[in-house]
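What follows is a set of notes on a single structure, which appears directly below.
There are 2 protein chains.
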Amino acid sequence: MESNPKSYHHGDLREGLLEAIRSLIERDGPDKFRIAEACRIAGVSTAAPYKHFSDRDEMLRGVALRGMMRLRDAMRVAVEAYPPRDPRRVAGLGKAYVDFARSEPGIFRLMFGLAESHHSDDALRRVSDASEALVERVVAEHIGADPGSDDVRLRAYALWCFVHGHCFLTLDGKVDPHKPGVEDRLLALVGDRMLPAWEGADRNPSGAA
Amino acid sequence: MESNPKSYHHGDLREGLLEAIRSLIERDGPDKFRIAEACRIAGVSTAAPYKHFSDRDEMLRGVALRGMMRLRDAMRVAVEAYPPRDPRRVAGLGKAYVDFARSEPGIFRLMFGLAESHHSDDALRRVSDASEALVERVVAEHIGADPGSDDVRLRAYALWCFVHGHCFLTLDGKVDPHKPGVEDRLLALVGDRMLPAWEGADRNPSGAA
DNA sequence: CCCTAAAGTTAGCGTTGCTTACATATGTAA
DNA sequence: TTACATATGTAAGCAACGCTAACTTTAGGG
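Residue numbers (the working numbering), protein chains in the order written: chain A, 246 to 454; chain H, 246 to 454.
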């Protein structure tokens, strides 16, 4: 079962293909990559992938899933770098998200470009939900509230919206990459205005519009 | 030059194809739509499109451009619904953005999924820049600052990040559509915490981290 | 030591984007 | 009107790609 290049059997063709496809998507985009080229990289014939994947979409979902896992892991590592209630914990979480989008823009686009797969594929949803739960946990600790409360979920979602939007806009070139100060000032704006404004405020669910 | 269905010439095949492709993208997605089907809808042969577009990508860019224009126009209409410095102006701007993403999710994804086209296609960038300028103008009026200042641009960008992220996350089903109260509370959170916190604060660019 | 199943290969089919060569309509000028 | 150039359509077909069918090779268990 090892990955011997000489043997008739690849050893772990599924993982080998996923890695090949990942690199090709990063180079050409999700709808441009060719299966035949991934086969050539993995060193197999063009029919081999169909022993492991039903079709092209399943390959894409496999690559997206592994990307979701890497993002989730990166967020976990970033969170554990600082103790609870440390402001750098929230900032680090956002930074990990942005760093991932910057380092793997093609996969990031793929992950959030699969329109219907999020609802149908259970594995994708599970990993995505884990990341969401992590954000909620960190926000809950930060503002000292119950992790499951609607208030925390809403604020975590708001933070996620902000970071997620920033990722897509930077990927689309809406912010100049040759102006490194912008991102720092942006983080400072959110960190100084948004997060402190939350602390101890609106703890009661007042129905004010 | 009229669009007579009986005549040999279509009349305005370019626009007819763009509309047909738009509807197909909305139904099947940007990478799934087939040119032949758009031709059937427009009532021409499969070779006809290539008299107006060089290739598939140019058709997609054409559809994306018209989408950008619709979004820009919707934002303009929303802005003009309220006088300057009215808080509903900023809220309406964001709402127009979200409404567009909800009503045309396929085109919205297409518009922000074209990775390199934003840099290469001048027409796309021009319309996108116009929308960006509009956001900056409204934010500048709202906080009573100079439209071209770095401060305004940063705050406008922060607002855009937030709204843009919310659009993508709702499209990906990250927020339950059967909970209409969520969006209102989200807008209230941003409106009550974020925007008022901006007014008259941090007008001086202090270097505090 | 076979026998089964897993995992690979080769050949080829159908679809699809796109091109080439040809046909038809439109606008302009003699 | 007629002649011509150009724009815009059709028909036929090529090449590439996803995918399948039938066959071959290896791994592993009784």
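We treat Cβ as the ideally placed atom computed from N, Cα and C, and that holds for glycine.
Within chain H, the residues that residue i reaches when beta carbons sit closer than 7 Å
| i | result |
| --- | --- |
| residue 335 of chain A | Going along chain H, no residue has its Cβ under 7 Å from residue 335 of chain A, so there is no contact; the nearest lies around 14 Å. |
| residue 276 of chain A | 276 |
Cα-Cα separation, residue i to residue j
| i | j | result |
| --- | --- | --- |
| residue 414 of chain H | residue 334 of chain A | 23 Å |
| residue 492 of chain A | residue 425 of chain A | Because residue 492 of chain A is not part of the residues shown, which for chain A are 246 to 454, the question remains open. |
| residue 281 of chain H | residue 332 of chain A | 55 Å |
| residue 279 of chain H | residue 388 of chain A | 50 Å |
| residue 323 of chain H | residue 289 of chain A | 56 Å |
| residue 312 of chain A | residue 325 of chain H | 42 Å |
| residue 341 of chain H | residue 320 of chain H | 6 Å |
| residue 283 of chain H | residue 275 of chain H | 13 Å |
| residue 261 of chain A | residue 343 of chain A | 27 Å |
| residue 277 of chain H | residue 327 of chain H | 40 Å |
| residue 330 of chain H | residue 380 of chain H | 13 Å |
| residue 420 of chain A | residue 407 of chain A | 14 Å |
| residue 372 of chain A | residue 316 of chain A | 9 Å |
| residue 385 of chain H | residue 314 of chain H | 23 Å |
| residue 292 of chain H | residue 362 of chain H | 24 Å |
| residue 256 of chain A | residue 287 of chain A | 11 Å |
| residue 431 of chain A | residue 402 of chain H | 9 Å |
Amino acids of chain A, ordered along the chain, whose beta-carbon sits closer than 7 Å to that of residue i
| i | result |
| --- | --- |
| residue 387 of chain H | In chain order: nothing, as chain A lies at least about 15 Å away. |
| residue 430 of chain H | 399 |
| residue 366 of chain H | In chain order: nothing, as chain A lies at least about 12 Å away. |
Extent of the continuous alpha helix (DSSP H) run through residue i
| i | result |
| --- | --- |
| residue 395 of chain A | 395-416 |
| residue 323 of chain A | 301-325 |
| residue 387 of chain A | 367-388 |
| residue 340 of chain A | 332-348 |
| residue 273 of chain H | 258-273 |
Cβ-Cβ separation, residue j to residue i (assumed contact under 8 Å), whole Å
| i | j | result |
| --- | --- | --- |
| residue 358 of chain A | residue 351 of chain H | Rounded, the Cβ-Cβ distance is 11 Å, inconsistent with contact. |
| residue 345 of chain H | residue 416 of chain H | That pair is no contact at about 11 Å. |
| residue 263 of chain A | residue 308 of chain A | 6 Å |
| residue 410 of chain A | residue 364 of chain H | Their Cβ separation, rounded to whole angstroms, is 19 Å, which puts residue 410 of chain A and residue 364 of chain H out of contact at 8 Å. |
| residue 270 of chain A | residue 355 of chain A | 6 Å |
| residue 338 of chain H | residue 397 of chain H | Actually they are not in contact, since the Cβ atoms of residue 338 of chain H and residue 397 of chain H sit about 14 Å apart, beyond 8 Å. |
Residue i Cβ short of 7 Å to the ligand GTP heavy atom set
| i | result |
| --- | --- |
| residue 293 of chain H | Of the ligands one can find in the structure shown there are none, so the ligand GTP has no counterpart to examine. |
Chain-ordered chain A contacts of residue i [CB-CB under 8 Å]
| i | result |
| --- | --- |
| residue 372 of chain H | The contacting residues do not exist; residue 372 of chain H stays about 13 Å from chain A at best. |
| residue 435 of chain H | 403 |
Within chain A, partners of residue i - CB distance below 9 Å
| i | result |
| --- | --- |
| residue 383 of chain H | Near residue 383 of chain H there are no residues of chain A at all, since even the closest Cβ is about 17 Å away, more than 9 Å. |
| residue 402 of chain H | 411, 414, 419, 420, 427 and 431 |
| residue 369 of chain H | Within chain A, no residue comes near residue 369 of chain H; the closest Cβ sits about 10 Å away, beyond 9 Å. |
Contacts of residue i in chain H (Cβ-Cβ under 8 Å)
| i | result |
| --- | --- |
| residue 357 of chain A | 413 and 417 |
| residue 407 of chain A | 403, 406, 407 and 410 |
Against chain A, which members of the stretch 336-347 of chain H pass a CB distance test of less than 7 Å? Those residues of the stretch 336-347 of chain H that come within reach of chain A (Cβ to Cβ, closer than 7 Å) do not exist; the list is empty.
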